[in-house]
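**Q**
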Amino acid sequence: MAQIAASPLLCSASAPAWAAPWDAWDAWKSRFLGDDGRVVDDGGMGISHSEGQGYGLLLAQAFGDRNAFEAIEAWTTRHLLIRQETLMAWRWELERGVTDWRTATDGDLFRAWALLRASRDSGWDAASAEPIARDIAALCVAPDPRAPGEPLLLPGAESRRDGLRVTVNPSYIMGRALRELGEAAQSPILVRAADHGETVLGELAAAGFVPDWIDVTTSGFAAPADHDLRAGYDALRVPLYLVWSGRRDHPAVARGVEALMPSDDATGIAVTRDAGGIVTEHSDLPGYRALLSLAACADVSVAPQEMNSQPYYPATLHLLALIAKREGASC
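Using mature numbering (1 follows the signal peptide of the UniProt record, and there is no 0), the letters of the sequence shown correspond one by one to residues -19 to -1, 1 to 312.
1) Residues in the same chain with beta-carbon distance under 8 Å from residue 9, minus the five sequence neighbours each way, listed in chain order, please.
2) Does the count of Cβ pairs from the region 88 to 99 and the region 148 to 159 closer than 8 Å reach three?
3) Which same chain residues end up closer than 6 Å to residue 284 when comparing Cβ atoms and leaving out the 5 residues on each side of it in sequence?
4) What whole-angstrom Cβ distance do residue 236 and residue 271 have, given they're in contact under 8 Å?
5) Confirm, please, whether the CB-CB distance from residue 138 to residue 84 is below 8 Å.
6) Quick check: the region 219 to 235 against the region 245 to 255, are there 3 or more CB pairs under 8 Å?
7) Grab me the residues of residue 79's own chain with a C-beta within less than 8 Å of its C-beta, minus the 5 sequence neighbours each way, in chain order.
8) Buried or exposed: which applies to residue 77, given that a residue is buried once 16 or more other Cβ atoms fall within 10 Å of its Cβ?
9) Taking 8 Å as the cut-off, decide whether the C-beta atoms of residue 180 and residue 211 are in contact.
10) Confirm, please, whether the CB-CB distance from residue 309 to residue 200 is below 8 Å.
11) Please report how far the alpha carbon of residue 52 lies from the alpha carbon of residue 189, in whole angstroms.
12) Our contact map puts residue 132 next to residue 122 with C-beta atoms below 8 Å; I'd like the distance itself, whole angstroms only.
13) So which of 251, 65, 98, 67 has the shortest CA-CA distance to residue 36?
14) Please classify residue 91: does DSSP put it in a helix, a strand, or coil?
15) Would you report the Cα separation of residue 54 and residue 150, rounded to the nearest angstrom?
16) Would you tell me roughly how many angstroms separate the C-alpha atoms of residue 205 and residue 5, rounded to the nearest one?
17) Quick one: Cα of residue 166 to Cα of residue 259, how far?
18) In this structure, what does DSSP give as the bridge partners for residue 81?
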């Protein structure tokens, strides 16, 4: 049985144009993927988490790498599927195993989407995404306190939610994944969560600030009770997911470009801003620059050495931006 399958991503360009991305994927695997399928976050003291396994699975599918896909899914199944439903435990550590059994919705969302794409687009014999999609719909969606008929995507199954206050992570709103999973699982609430989530992103952008975390209350947005109010490494993903979802025209994309632009006296990307919009941290890592290029309609490229010059998170975002450029809204 062939182990490297063609994918829409690889077929969308000539072989020479894809030599560098393919080599970059190999470099990413060499640094961050163990032979057993564990994705290692070297910026997080070598831990593994559901986000990394979900991202790794999606990358393997997009690059047509069935060996890596099956290894990642096998490790995930053995080590993170310890709950009664199909959602993953969030954190795993060497010699300790699972150290946080709670869920993180972005990891589950990307794992389910990768499984759906593998079966639907790559023709691989992958586990069904539908039970995961149904569990996300049942456990990780809550009514918007301002409009109870509208669903908000929660950051996890255990996240703060009640009729008066709901905690939201705007960077977990990946509309394309939610819509495709909602359609596949016949779960209209996921499609509605994508639509309403993008509305919320538009409201935040209009207010001038798309943060990492925000609480939605009966009277509007409020500083998150359990997190600092800032726009940082989480919020960087908002324009990435919107462009990937075909929403390049969304106001949060333009707001994302503004937020990423460096201060006058700095050369790196503005990766963190405080609640007043003041830049508190810059970075010149190419993965973060790729996000700005994607949002600003500039070229997105990747070289293998760039996987060796940056930690897990920006390196992974770099490859995801490349895929979004191929699959998302054109300029």
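By construction, the Cβ of each residue, glycine as well, lies at the ideal position given by its N, Cα and C atoms. Everything numeric in this text was worked out from a predicted model, so none of it was measured.
**A** Let me spell this out:
1) Reading the sequence shown from its first residue, position 28 is the one you call residue 9. 40, 288, 296, 297, 300.
2) yes
3) Taking the first residue of the sequence shown as 1, we reach residue 284 at position 303. 1.
4) For the purposes of this step, residue 236 is taken as residue 255 along the sequence shown, with counting starting at 1. For the purposes of this step, residue 271 is taken as residue 290 along the sequence shown, with counting starting at 1. Going by Cβ atoms, the distance from residue 236 to residue 271 rounds to 18 Å, so no, they are not a contact pair.
5) To locate residue 84, count along the sequence shown from 1; it is residue 103. To locate residue 138, count along the sequence shown from 1; it is residue 157. Yes, Cβ-Cβ distance for residue 84 and residue 138 is below 8 Å.
6) no
7) As a first step, residue 79 must be located in the sequence shown, where it is residue number 98. Correct list, in chain order: 60, 61, 63, 70, 72, 73.
8) Residue 77 sits at position 96 when you count from the first residue of the sequence shown. Classification of residue 77: exposed, given that the 10 Å Cβ count is below 16.
9) One-based indexing of the sequence shown puts residue 180 at position 199. One-based indexing of the sequence shown puts residue 211 at position 230. Not closer than 8 Å, so no.
10) Walking along the sequence shown from the start, residue 200 turns up at place 219. Walking along the sequence shown from the start, residue 309 turns up at place 328. Against a cut-off of 8 Å, the Cβ pair of residue 309 and residue 200 comes out as no contact.
11) Within the sequence shown, residue 52 is the residue found at index 71, counting from 1. Within the sequence shown, residue 189 is the residue found at index 208, counting from 1. If you take the alpha carbons of residue 52 and residue 189, they lie about 42 Å apart.
12) The residue given as residue 132 occupies position 151 in the sequence shown. The residue given as residue 122 occupies position 141 in the sequence shown. The pair is a contact, with the Cβ atoms about 5 Å apart (cut-off 8 Å).
13) Residue 36 sits at position 55 when you count from the first residue of the sequence shown. It is 98.
14) Position 110 of the sequence shown, counted from the first residue, corresponds to residue 91. The answer is helix: DSSP assigns residue 91 an H, G or I state.
15) Mapped onto the sequence shown, residue 54 falls at position 73. Mapped onto the sequence shown, residue 150 falls at position 169. In a straight line, the C-alpha of residue 54 is about 25 Å away from that of residue 150.
16) Residue 205 sits at position 224 when you count from the first residue of the sequence shown. Residue 5 sits at position 24 when you count from the first residue of the sequence shown. Approximately 37 Å between the Cα atoms of the pair.
17) Reading the sequence shown from its first residue, position 185 is the one you call residue 166. Reading the sequence shown from its first residue, position 278 is the one you call residue 259. Their Cα atoms are separated by approximately 42 Å.
18) Start at 1 with the first residue of the sequence shown, and residue 81 comes out as number 100. According to DSSP, residue 81 bridges with 72.
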